[in-house]
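Input: a single structure, listed below in structure tokens.
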Amino acid sequence: MSSALSVSVLSPITHPRLHRRRCPAPSLSIKNSSNGKPTPSSKATSWVSPDWLTSLTKSLGTLGPKDDSNIPAANAKLDDVSDLLGGALFLPLFKWMNEYGPIYRLAAGPRNFVVVSDPAIAKHVLRNYGTKYSKGLVAEVSEFLFGSGFAIAEGSLWTVRRRAVVPSLHKKYLSIIVERVFCRCAEQMVERLMPSLVNGSAVNMEEKFSQLTLDVIGLALFNYEFDSLTTNSPVIDAVYNALKEAELRSTDLLPYWKAVIPRQIKAEKAVSIIRETVEELIAKCREIVEAEGERINEEEYVNDADPSILRFLLASREEVSSTQLRDDLLSMLVAGHETTGSVLTWTTYLLSKDPPSLRKAHEEVDRVLQGRLPTYEDIKNLKFLTRCINESMRLYPHPPVLLRRAQVDDVLPGNYKVYPGQDIMISVYNIHRSAEVWERADDFFPERFDLDSPVPNEANTDYRHAHELQLFLLEALIVLQLIHLPMLYFRYIPFSGGPRKCVGDQFALLEAIVSLAVLLQHMSFELIPDQTIGMTTGATIHTTNGLYMKLSQRQSASTSAAANP
Ligand code: HEM
């Protein structure tokens with residue numbers, strides 16, 4: 001009884017019948033870069049995994065008759081894989097999921113990737129980080145920027161540095177930066193947008209959100225004013241160039257970045273500028289901490305004059321070199337900037353396409369805030385807005401794929417074998433959009449996540465196949481301790497899961513909620529008609545040409561209350 005239940009409800013993907021089922025073709029709600037035919041130049045420069053390469057790899061035996069992995073090999077077509085280079089990598093991965101099922105092998109140049117679109121396998125791989133899996137390729141592509149930063153470090157260095165950094169993101173810190181950083185930066189953005197409200201000019205909201213989130217992360221990490229919404233400095237350009245390079249490298253599947261080409265030289269210069277700036281900030285902050293003899297004297301310590309993470313880390317007196325500290329902070333800068341910017345971009349896009357949801361979000365913001373700026377306490381009452389952001393992160397996860405490398409022989413759920421050195425791509429995009437996993441998978445439907453339940457995450461979001469009776473039985477099994485809760489789920493993984501899960505998840509959600517709430521208080525927005533909103537990938541899902549909106553001013557709840565007492 002219990003095993004029948006665990007097959008059909010808990011891990012549908014481990015059921016061979018389900019593994020053979022094909023999902024219907026995706027109906028993406030927007031035009032995307034893979035809809036158009038590949039340009040002649042993209043064909044000419046594509047050298048990743050054409051048909052012949054799959055055949056060659058097979059004939060060499062990597063995937064051939066000796067392959068006992070049970071993993072089907074995708075027959076990748078040159079036209080499809082031209083998207084892998086600088087294009088929307090996750091779109092052909094989705095197409096192949098529909099053809100080959102929730103696990104398949106993809107040859108990409110001399111590498112081959114096992115592509116996973118299945119919650120149970122994703123859970124297995126992500127949770128076994130450190131024992132059976134490492135980060136692998138991710139560390140290789142971004143080492144030029146992160147150095148030894150803990151976002152890409154492995155082994156004991158990662159353990160030690162993650163343990164040192166995580167305490168800085170405590171509740172008191174978050175509640176303070178809601179007001180001192182998130183609200184302040186969001187208000188500045190609204191101010192800068194005012195002229196466009198008056199003259200009705202089109203605004204590229206993707207660009208604005210990218211500037212906003214850079215300003216936020218600069219203040220929150222180092223108490224540093226990028227002020228990118230108003231100024232243009234070499235540091236800001238350097239940050240953008242370095243991020244761009246990191247993004248390009250993450251989509252380049254062959255390590256040709258090791259060759260010196262102009263793009264790399266530009267990126268190296270950019271990295272030097274950023275490193276020098278961060279080193280100066282560390283040196284100045286260290287001087288102050290030393291001069292004041294500052295030490296952390298309570299669990300949730302915040303320095304009132306400078307609540308930044310840098311100040312916390314220096315005051316904590318951990319044994320750490322300035323270079324390591326610099327690389328850790330850079331890790332957080334990169335990990336926390338474009339991700340939140342992209343979440344804001346796609347949430348705004350989705351709301352603009354769904355006027356009833358936009359109206360509901362406006363009403364909620366007016367009702368809860370009454371024209372005030374949001375406080376930390378207000379955020380838990382902005383339930384619908386939070387669900388809009390959760391749902392946007394389901395449809396547009398950043399990054400859309402996660403990479404891991406097998407360290408040892410392993411057998412994945414469903415009896416698929418992998419061997420040491422095997423690169424694995426977990427397609428979060430596929431899991432989040434799979435019709436096997438979600439009802440109405442392609443629809444923007446914020447209410448799918450119950451408004452009064454905890455914020456959805458990898459450990460509390462169940463399978464679509466779980467009906468009420470099954471859920472009842474499931475709960476009974478958990479109570480009887482016949483199964484453990486962590487054995488379930490991993491169908492909603494916007495912040496990943498397992499030991500390498502995002503450390504900034506709460507920070508990011510608070511930032512996104514506050515930024516949108518302040519924006520919605522003051523304005524409404526509609527898409528400029530006839531623009532093609534394509535998707536392209538870097539570390540996050542970007543639009544191909546920007547997200548142009550027409551903004552209009554609205555009366556906030558307090559003004560309307562004053563007008564109609
Ligand atoms: C909505 C915004 C964000 C999203 C979608 C996001 C997503 C992610 C994901 C998916 C990972 C795990 C990657 C993997 O498993 O390979 C990750 C890791 C990480 N994130 Fe975030 N993130 C966001 C915001 C932030 C912010 C604001 C910060 C910093 C304040 C941050 C800091 C980090 C760090 C340092 C790691 C590496 C953790 C480790 O390897 O131990 N992230 N993020």
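Residues in the sequence shown are numbered from 1 upward in steps of one, following UniProt numbering.
Glycine included, C-beta positions come from ideal geometry on N, C-alpha and C.
Alpha-carbon spacing of residue i relative to residue j, whole angstroms
i	j	result
A74	N112	11 Å
V271	W96	37 Å
D312	K171	The sequence shown places Phe at residue 312, not Asp. Rounded to the nearest angstrom, the two C-alpha atoms are 14 Å apart.
W52	A76	With a pLDDT of 41 at W52, under the threshold of 50, the modelled position of this residue cannot be trusted; read the value that follows with caution. Distance between the alpha carbons of W52 and A76: 9 Å.
D327	H398	22 Å
E299	S316	10 Å
E99	S434	13 Å
residue 568	E294	The requested residue 568 is not part of the displayed model; the chain covers only 1 to 565.
R387	E292	44 Å
I177	V166	16 Å
K91	L403	Correcting the residue type first, residue 91 is Leu in the shown sequence and not Lys. L91 and L403: Cα-Cα distance of roughly 16 Å.
L314	D304	15 Å
D67	L412	15 Å
E436	K123	16 Å
S308	L395	32 Å
T131	G498	12 Å
L174	L221	12 Å
V190	N199	15 Å
Y224	G414	49 Å
F146	S331	6 Å
H432	L520	27 Å
A517	V455	17 Å
P40	V302	With a pLDDT of only 32 at P40, under 50, the local geometry of the prediction cannot be trusted, and the value read off the model is given with reservation. Cα to Cα, the separation comes out at about 56 Å.
M523	M205	13 Å
E535	L369	The amino acid occupying residue 535 in the given sequence is Met; Glu does not appear at that position. Between M535 and L369, the C-alpha separation is close to 34 Å.
I71	V114	8 Å
Distance between beta carbons of residue j and residue i, contact taken as under 8 Å
i	j	result
L329	L350	With 8 Å as the limit, L329 and L350 do not qualify as a contact, their Cβ atoms being about 32 Å apart.
R161	F150	4 Å
S352	L344	Not confirmed; about 12 Å, so no contact.
T213	G341	4 Å
I217	L333	6 Å
residue 604	L385	What the structure shows of the chain is the stretch from 1 to 565, and residue 604 is not part of that stretch, so it cannot be assessed.
A246	S148	Not a contact, Cβ separation roughly 15 Å.
S322	E279	6 Å
V235	I274	7 Å
Y129	R500	5 Å
Proximity test, Cβ basis, 7 Å: residue i and chain C
i	result
P355	This model lacks chain C altogether, as it is built from one protein chain only.
Residue from the options whose Cα sits closest to the Cα of residue i
i	options	result
Y492	P262, N430 and A153	N430
G546	V116, A202, G136 and S196	A202
D215	I424, E338, A517 and A441	E338
A88	F495, H542 and M549	H542
G136	N460, Q407 and E511	Q407
P494	R405, Y173 and I426	I426
Y416	D450, V138 and P102	P102
D442	P420, L480, Q531 and S392	S392
K266	I288, V239 and T277	V239
L420	Y133, H432, E207 and F490	In the sequence as presented, Leu is not what sits at residue 420; that position holds Pro. Nearest option by C-alpha distance: Y133.
W158	C183, T461 and Q324	Q324
residue 575	P374, I282 and I261	Outside the shown range of the chain (1 to 565) lies residue 575, about which nothing can therefore be said.
M346	E276, I533 and Q188	Here the sequence assigns Trp to residue 346, which means Met is not the residue at that position. Looking at the Cα atoms, I533 is the closest of the given residues.
Secondary structure, alpha helix (DSSP H): runs of 4+ residues fully inside the region 263-347:
Complete alpha helix (DSSP H) runs here, min 4: 309-315.
Which residue spans inside the region 344-371 form an unbroken alpha helix (DSSP H) run of at least 4?
The qualifying runs are 355-369.
Which runs of the beta strand (DSSP E), 3 residues or longer, sit entirely within the region 81-132?
Listed in chain order, the complete beta strand (DSSP E) runs (minimum 3 residues) inside the region 81-132 are 103-108 and 111-116.
Inside the region 422-456 only - alpha helix (DSSP H) runs reaching at least 4 residues
Taken in chain order, the whole alpha helix (DSSP H) runs of length 4 or more contained in the region 422-456 are 428-433.
Within the region 493-533, note down every full beta strand (DSSP E) run reaching 3 residues or more, in order along the chain.
If we require 3 residues or more, the beta strand (DSSP E) runs fully inside the region 493-533 come out as 523-527.
In chain order, each beta strand (DSSP E) run of at least 3 residues that lies wholly inside the region 164-197:
Counting whole runs of 3 or more residues, the region 164-197 contains no beta strand (DSSP E) stretch at all.
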